[in-house]
Amino acid sequence: MKLRRVLTLAIILLLGLASSALGKDGERLTHDGLQDLLAQARGNIVVVNYWASWCGPCLTEMPMLKAMRAAYPSHELTLFGVSFDYDPKAHDRARERLSLTFPSYLAKEDLMHTLGITSVPRTDFYDSRRRLVRSHEGLISPAEFRAIIAEITSGEQ
């Protein structure tokens, strides 16, 4: 009986550690968790949008990001957001209000510093082999987004 409790507790703790490294949709994302997400999308072009609910330009570009997510097949392009919100409730309210069609993860407090991000919005584009091809700081237009995707696609053929 005691062994069963210990094993159950150990499993719960291990699951907790695994999810804290990766972060489920809406949970804190670590640098290792970000690398795991990139690895899971291997074979796809990956777009990571760094944003926050308190950032006006970030909120302005969300409808365009939703449109870009819809414009490309999911087996070719993976898109997710990483929010630098301090308050998880603010992040959740923004996701709901914006009706995001892609996952958004709350960044762990040190992730912005670890990645060298000095402002948001920022959008990083990775090729299918997880190499960072381009970082775009500031608001990105649909034309710029498409041009970067086309550049990555043409470089992979």
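Throughout the sequence shown, residue numbering follows mature numbering (1 follows the signal peptide of the UniProt record, and there is no 0), covering -23 to -1, 1 to 134 in sequence. Ideal placement from N, C-alpha and C gives every residue a C-beta, glycine not left out.
Cβ of residue i within 9 Å of Cβ of residue j?
i, j, result
"A67", "S96", "no"
"residue 153", "R107", "For the chain, the structure presents residues -23 to 134; residue 153 sits outside this window and is missing."
"L109", "T7", "no"
"H113", "T130", "no"
"I117", "E38", "yes"
"I22", "T55", "yes"
"G115", "S81", "no"
"C35", "P98", "yes"
"L83", "P65", "yes"
Can you grab the Cα-Cα spacing for the pair residue i / residue j, in whole Å?
i, j, result
"F61", "S76", "18 Å"
"E133", "D104", "8 Å"
"A127", "L15", "20 Å"
"A124", "F79", "21 Å"
"R5", "Q12", "14 Å"
"C32", "A44", "20 Å"
"R46", "R72", "15 Å"
"S51", "T91", "28 Å"
"R70", "Y63", "13 Å"
"Q17", "F102", "15 Å"
"D9", "F122", "26 Å"
"P40", "W28", "13 Å"
"A48", "V25", "16 Å"
"E86", "R74", "24 Å"
So what does residue i bridge to, in DSSP terms?
i, result
"T37", "BP columns for T37 are empty, so no partner."
"F102", "V24, R111"
"T55", "V23"
"L6", "A84"
"S60", "W28, L83"
If you measure from the CB of residue i, is any heavy atom of the ligand PLP nearer than 8 Å?
i, result
"Y49", "In the structure shown, the ligand PLP is absent, as is every other ligand, since no ligand is present at all."
| field | Complete beta strand (DSSP E) runs within the stretch 66 to 94 (minimum length 3 residues, chain order) | value | 81 to 84
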